[in-house]
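I have placed the structure first, in the form of structure tokens, so that the comments after it can refer back to it.
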Amino acid sequence: MDEKQLMERISATVLDDSAGALAPEVALRPDLAGMRIFGAPLFGVARADDPLFEALRREEAVGPWHMLPGDVCPGAKSVLSVFLPYIERIKASNAGGAEPSAEWLHGRIEGHKFMVRAAGAAVEALRAAGHRAALPMADGRFFAQEGATTDPAAFPGVPEAARGAYTSNWSERHVAYVCGLGTFGLSKGLITEKGACGRFFSLVTDLEMAPTPRAYGGIYDHCIRCGRCAARCPAGAIDTESGKAHPPCGAKLVETRGKYAPRYGCGKCLCGVPCEGRDPSRE
Ligand code: SF4
Ligand code: SF4
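With this note's numbering applied, the sequence shown covers 109 to 391.
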């Protein structure tokens with residue numbers, strides 16, 4: 109298996125209606141049954157020894173707890189980051205009001221479950237072809253936390269310095285930045301050439317792949333600082349000068365969990381904005 113075959117396989121899985129469509133028994137409305145959640149993926153590649161992975165461990169980036177590719181997959185040569193953009197129907201449905209649309213809730217929850225399955229299938233395909241491959245988000249050491257408490261019992265295995273912070277030891281958006289997929293926005297989304305409205309996953313492998321050029325110099329190059337995300341945020345979490353504050357955003361997500369459990373979500377800052385489905389800095 110080479111990188112082209114790997115990417116074609118992932119794309120085929122994502123676009124396969126029988127694999128990616130919403131099951132009727134979980135659909136929040138009858139008309140949502142059979143809805144596919146993601147459009148054609150974007151891919152970015154970085155060498156596993158790219159110095160920017162080490163740079164993610166700086167305090168001003170993610171933190172010293174961020175794993176390196178070699179921690180996840182010994183002998184790693186490459187990191188593949190995949191952006192799965194939401195379909196237009198999901199984005200359009202969530203572009204108004206203060207409450208998440210049913211389509212958005214499905215994108216967040218069933219979309220995540222589908223993404224994990226698709227990512228796991230890609231790793232299995234690499235292993236079947238004789239390669240080492242691993243999924244950081246499936247690593248037993250992986251954590252991603254949304255703050256709120258510093259109780260050590262709530263963070264088994266999480267370093268003390270990271271407890272209670274809005275952080276992770278494998279940040280998919282930072283990894284996507286390293287892999288050439290895009291740069292950050294005021295809303296903390298990662299703005300790719302297909303916008304910021306979607307989900308990211310990554311895998312680490314000993315398959316040699318050609319690195320994607322990082323066609324940017326700064327970490328905010330793709331954000332035009334239009335402030336539309338700040339105006340859209342029902343929690344007032346985004347400031348046009350200082351960017352996004354995590355606590356009010358986290359509180360909004362907790363609120364939606366209370367209303368829509370087992371689902372939750374918001375995403376108003378990603379819908380109906382210039383960076384929803386494109387890189388607005390390219391105009
Ligand atoms: S809506 Fe405007 S300010 Fe906010 S992240 Fe997108 S481009 Fe940047
Ligand atoms: S997800 Fe919702 S609450 Fe959080 S920053 Fe975006 S719009 Fe605001």
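Virtual Cβ for every residue (Gly too), placed ideally from N, Cα, C.
A quick note: this is a predicted structure, and the numbers were derived from the prediction, not measured.
Discussion item. Rounding to the nearest angstrom, what Cα-Cα distance links Ala-323 and Gly-288 in this structure?
Written reply: 7 Å
Fill in: Proximal residues to Ala-210 (C-beta, below 8 Å), its chain only, five neighbours per side dropped
Leu-136, Arg-137, Leu-140, Ser-201
Item to complete: Would you kindly report the start and end of the unbroken alpha helix (DSSP H) that includes Ala-236?
Response: 210 to 236
Practice prompt. Measure the Cβ-Cβ separation of Thr-291 and Gly-326 and say whether it is below 8 Å.
Written response: yes
Worksheet item: Buried or exposed: which applies to Gly-373, given that a residue is buried once 16 or more other Cβ atoms fall within 10 Å of its Cβ?
Response: buried
Discussion item. Distance check for Pro-388 and Ala-338, CA to CA, integer angstroms please.
Written reply: 16 Å
Worksheet item: Helix, strand or coil: how does DSSP classify Ile-299 here?
Response: strand
Worksheet entry | Residue(s) in a DSSP beta bridge with Lys-376 | Paired residues: none, contrary to the question.
Worksheet item: Should Gly-248 be labelled buried (16 or more other beta-carbon atoms within 10 Å of its own) or exposed?
Response: exposed
Worksheet item: Within the present structure, is the beta-carbon of Pro-355 separated from the nearest heavy atom of ligand 2 by less than 7 Å?
Response: no
Worksheet item: For Lys-360, is the beta carbon positioned less than 7 Å from some heavy atom of ligand 2?
Response: yes
Worksheet entry | Beta-bridge pairing of Val-187 - partner residues as DSSP gives them | Ala-154, Val-312
Practice prompt. Note down the Cα distance separating Ala-206 from Glu-363, rounded to an integer number of angstroms.
Written response: 12 Å
Item to complete: Out of Val-180, Lys-221, Leu-130, Phe-250, point me to the one whose CA is closest to Arg-144's CA.
Response: Leu-130
Fill in: The beta strand (DSSP E) enclosing Ser-126, as first and last residue numbers
Note, Ser-126: premise wrong, no beta strand (DSSP E); alpha helix (DSSP H) at 125 to 128.
Worksheet item: Which whole-angstrom value is the C-beta distance of Gly-183 and Arg-240, which I expect to be below 8 Å?
Response: 6 Å
Practice prompt. Keeping to the same chain, check which residues put their C-beta closer than 7 Å to that of Glu-316; ignore five residues upstream and five downstream.
Written response: Lys-185, Ser-186
Item to complete: Report the three-state DSSP secondary structure of Thr-257 (helix, strand or coil).
Response: Only weak support exists for where Thr-257 lies, its pLDDT of 48 falling under 50; the coordinates are left without a value.
Worksheet entry | Lys-102 Cβ short of 7 Å to ligand 2 heavy atom set | Not covered by the structure: residue 102. The range shown for the chain is 109 to 391.
Worksheet item: On the premise that Gly-297 lies in contact with Arg-104, defined as a C-beta separation below 8 Å, what is that separation, rounded to the nearest angstrom?
Response: It is not possible to answer for residue 104, since the shown part of the chain is limited to 109 through 391.
Item to complete: Report back the beta-carbon spacing between Ala-345 and Cys-331 to the nearest angstrom; my notes put them in contact at under 8 Å.
Response: Not confirmed; about 16 Å, so no contact.
Practice prompt. Find the nearest neighbour of Gly-228 within the set Thr-313, Ala-246, Pro-370, judged by alpha-carbon distance.
Written response: Ala-246
Worksheet item: Using a Cβ-Cβ cut-off of 6 Å (strictly less than) and excluding sequence neighbours within five positions of Gly-142, which residues of its own chain qualify?
Response: Ala-129
Worksheet item: Mind checking whether the beta-carbon of Lys-185 lies closer than 7 Å to any heavy atom of ligand 2?
Response: no
Worksheet item: Leaving out five residues before and five after Cys-334 in sequence, what residues of the same chain have Cβ atoms less than 6 Å from its Cβ?
Response: Pro-382
Fill in: Exposed unless 16 or more other CB atoms sit within 10 angstroms - verdict on Ser-189
buried
Worksheet item: Based on Cα-Cα distance, which residue from Arg-336, Leu-243, Pro-321 lies nearest to Ala-154?
Response: Pro-321
Discussion item. Which of the three DSSP states is assigned to Ala-200 in this structure?
Written reply: helix
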